[in-house]
Amino acid sequence: MNLLKKYNVPGPRYTSYPTVPYWDTNPTEAQWVQSIDQALSEAAAQKVGAALYLHIPFCQSLCTYCGCNTRITRNREVGGPYIQTLLKEWKLYQERLGHTASGKRLPLTELHLGGGTPTFLSPDELDSLLSRVLETVDVQRDHEFSTEADPRVTTRDHLAVLAKLGFKRLSLGVQDFDPKVQDVVHRVQSEEQTRATTEQARELGYTSINFDLIYGLPFQTQKSIENTIDAVRRLRPDRIAFYAYAHVPWIKPSQRRFTEADLPGGDDKRALYELGRKMLEDVGYREIGMDHFALETDSLWKSSKQGQLHRNFMGYTARNVAPLIGLGVSSIGDSWRAFAQNEKLLETYQSRVEKGELPLLRGHVLSAEDLVLRRHILNLMTQMKTSWARDGGTWDQYLDQVPGRLQELVKDGLIEFRESDCQVTEKGRPFLRNVCMAFDARLTRQAPATQLFSQTI
Ligand code: SF4
Numbered sequence: 003m004n005l006l007k008k009y010n011v012p013g014p015r016y017t018s019y020p021t022v023p024y025w026d027t028n029p030t031e032a033q034w035v036q037s038i039d040q041a042l043s044e045a046a047a048q049k050v051g052a053a054l055y056l057h058i059p060f061c062q063s064l065c066t067y068c069g070c071n072t073r074i075t076r077n078r079e080v081g082g083p084y085i086q087t088l089l090k091e092w093k094l095y096q097e098r099l100g101h102t103a104s105g106k107r108l109p110l111t112e113l114h115l116g117g118g119t120p121t122f123l124s125p126d127e128l129d130s131l132l133s134r135v136l137e138t139v140d141v142q143r144d145h146e147f148s149t150e151a152d153p154r155v156t157t158r159d160h161l162a163v164l165a166k167l168g169f170k171r172l173s174l175g176v177q178d179f180d181p182k183v184q185d186v187v188h189r190v191q192s193e194e195q196t197r198a199t200t201e202q203a204r205e206l207g208y209t210s211i212n213f214d215l216i217y218g219l220p221f222q223t224q225k226s227i228e229n230t231i232d233a234v235r236r237l238r239p240d241r242i243a244f245y246a247y248a249h250v251p252w253i254k255p256s257q258r259r260f261t262e263a264d265l266p267g268g269d270d271k272r273a274l275y276e277l278g279r280k281m282l283e284d285v286g287y288r289e290i291g292m293d294h295f296a297l298e299t300d301s302l303w304k305s306s307k308q309g310q311l312h313r314n315f316m317g318y319t320a321r322n323v324a325p326l327i328g329l330g331v332s333s334i335g336d337s338w339r340a341f342a343q344n345e346k347l348l349e350t351y352q353s354r355v356e357k358g359e360l361p362l363l364r365g366h367v368l369s370a371e372d373l374v375l376r377r378h379i380l381n382l383m384t385q386m387k388t389s390w391a392r393d394g395g396t397w398d399q400y401l402d403q404v405p406g407r408l409q410e411l412v413k414d415g416l417i418e419f420r421e422s423d424c425q426v427t428e429k430g431r432p433f434l435r436n437v438c439m440a441f442d443a444r445l446t447r448q449a450p451a452t453q454l455f456s457q458t459i
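3 is the number of the first residue of the sequence shown in this note's numbering; add one for each residue after it.
What follows is the structure, encoded as structure tokens:
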């Protein structure tokens, strides 16, 4: 039987474990802050800093494939009040962590702007927001600041302001260069626009540029993917995320602009990925974990070689920093022992911050079992292997059901399962998600606590 057909089941992308639909033990505000505080103490002992994520939800038009939390508007006046709310939320964190009273400051190693479209804000607005955050933290010497950007609205001034503040990594939404595909997904963006932003960033000193691409979009064909990857090869970004399109029109009604009949399915969809992968590898890109590629000169590849790759809600990162504090509507934070997501409705988020509350909507406090399984799933996602020898070679009771669930994968040659470890084979790479699912106890024993489709998480 064709392996792609056999293992073609919806599955999570494991940017967290448990995945969001299975969160069922909301932390209180006090528990959440306490878990951050604990993570900060542990990180300090290991001389590791923290990460801040700032979500800017605004976009000037809607791309129909989009699964992000966005607010579509052309009204530029919304930026100012939103910045004030972000700053107030950050102040609430500082107060709760006792930093304002004690003079302590967050040791900041990573800062990431995501959206939405961070460059929806004007260069002056970005400058004012970020300068005010940065003056309240201790920026670590080896810091990495990165931003997402949409080449259609990003100017040289945006890039220059961010470069001045220490940003060196840029992630550009591209998705596909084919005009027919761009038209149906409502994102018309020429190669020239993407080239201009890429070249300006390089001139300004950005050292790592990522392109986001998607396969499985409506009307994509082998030929259109070939043309897209050809354009990507001409622009030569340092990293590429090559995601599978997730069709969830019951959650994202904008995806009703096309039908399932317009989408490449099953084997055809995977063949698009395989074509793209081969073309990228032919010119020096290396596949990393799931859906990611990097040049050997990029820190993501170096960290994957050194076994230091990490994965969180932003995808793969070159190292593990803790905790991750998310600011802004719908942002997710991760203290390792707990997750917390902010309100997803902009008005509710703003009004709760105005009232002086951390605007937490939901989250999860990890159980002892979650912590063990999280470690194994993270190992698999970042290193293609996991081992239980580290715990003195003893078998952990939480893994009892795993060998049975892995049997079929062993039989098909997708993994090697030994006394003290499990390794994904070269043949098994496309099925990494399925391997992780065998370690996912919650997926196999309970219905999700929320109705979100897990493949989008
Ligand atoms: S620009 Fe990005 S966040 Fe905004 S709608 Fe398009 S894909 Fe979604």
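Each residue gets a CB set at the ideal place from its N, CA and C atoms; glycine is no exception.
Closest Cα partner of S210 within the set R98, L348, A320 and N436: As a working mapping, residue 210 is identified with position 208 in the sequence shown. Cα-wise, what sits closest to S210 is A320.
Member of S173, G118 and Q96 whose CA lies at the smallest distance from the CA of V460: Coverage of the chain is limited to positions 3 through 459, which leaves residue 460 absent and any answer about it impossible.
Counted within 10 angstroms of its Cβ, other Cβ atoms place S456 as buried (16 or more) or exposed: Residue numbering aside, residue 456 sits at position 454 when the sequence shown is read from its first letter. Residue confidence for S456 is low, a pLDDT of 38 falling below 50, so the modelled location carries little weight and cannot support an answer.
Whole-Å CB distance - C50 paired with A324, under 8 Å assumed: Taking the sequence shown and counting its residues from 1, one reaches residue 50 at position 48. Taking the sequence shown and counting its residues from 1, one reaches residue 324 at position 322. Reading off the sequence, residue 50 comes out as Val, not Cys. Indeed, because the Cβ distance is near 6 Å, the residues count as touching under 8 Å.
Ranges of the beta strand (DSSP E) found wholly within the segment 282–348, counting only runs of at least 3: 287–290, 294–297, 312–314, 317–319, 326–329, 334–336 and 340–344
Straight-line Cα distance separating V22 from H293: In the sequence shown, residue 293 corresponds to position 291, counting from 1. In the sequence shown, residue 22 corresponds to position 20, counting from 1. Checking the sequence shown, residue 293 turns out to be Asp, not His. The alpha-carbon atoms of D293 and V22 are separated by roughly 20 Å.
Which of helix, strand or coil DSSP assigns to T261: The residue labelled residue 261 in the question sits at position 259 within the sequence shown. Correct three-state label for T261: coil.
Residue(s) in a DSSP beta bridge with C61: In the sequence shown, the residue the question calls residue 61 occupies position 59. Per DSSP, I74.
Alpha-carbon spacing of V183 relative to Q222, whole angstroms: Here residue 183 refers to the residue found at position 181 of the sequence shown. Here residue 222 refers to the residue found at position 220 of the sequence shown. Going from the Cα of V183 to the Cα of Q222 covers about 6 Å.
Supposed close pair Y16, C438 - CB separation, criterion 8 Å: Against the sequence shown, residue 16 aligns to sequence position 14. Against the sequence shown, residue 438 aligns to sequence position 436. Indeed, because the Cβ distance is near 5 Å, the residues count as touching under 8 Å.
Spatial neighbours of Y245 in its chain, beta-carbon cut-off 6 Å, leaving aside the 5 residues before and after: Locating residue 245 in the sequence shown gives position 243, counting from the first residue. Non-local C-beta neighbours of Y245 in its own chain, meaning closer than 6 Å and more than five positions away in sequence, comprise I216 and D293, ordered along the chain.
Inter-stretch contact (C-beta, 8 Å, three-pair minimum) for the segment 121–132 and the segment 327–334: no
Alpha carbon of T446 to alpha carbon of P432, nearest angstrom: The count along the sequence shown starts at 1 and reaches residue 446 at position 444. The count along the sequence shown starts at 1 and reaches residue 432 at position 430. If you take the alpha carbons of T446 and P432, they lie about 21 Å apart.
Test: T299 CB closer than 8 Å to a CB of chain D: This model lacks chain D altogether; it includes just one protein chain.
Sub-8 Å separation of R241 and L172 beta-carbons: Residue 241 sits at position 239 when you count from the first residue of the sequence shown. Residue 172 sits at position 170 when you count from the first residue of the sequence shown. It is not a contact, given that the beta carbons lie outside the stated cut-off.
Identity of the residues DSSP links to T388 by a beta bridge: Counting from 1 along the sequence shown, the entry for residue 388 is found at position 386. Answer is C424.
First through last residue of the beta strand (DSSP E) which encompasses F441: Here residue 441 is taken as the residue at index 439 of the sequence shown, counted from 1. No beta strand (DSSP E) holds F441; the alpha helix (DSSP H) holding it covers L434 to F441.
Nearest neighbour of L416, chosen from F315, S422 and T427 [CA to CA]: Along the sequence shown, one-based indexing puts residue 416 at 414. Taking only the C-alpha atoms, the option nearest L416 is T427.
Beta-bridge pairing of T149 - partner residues as DSSP gives them: Within the sequence shown, residue 149 is the residue found at index 147, counting from 1. T149 pairs with L115 and L172.
Length-filtered (3 minimum) beta strand (DSSP E) runs lying within the segment 91–137: 108–117
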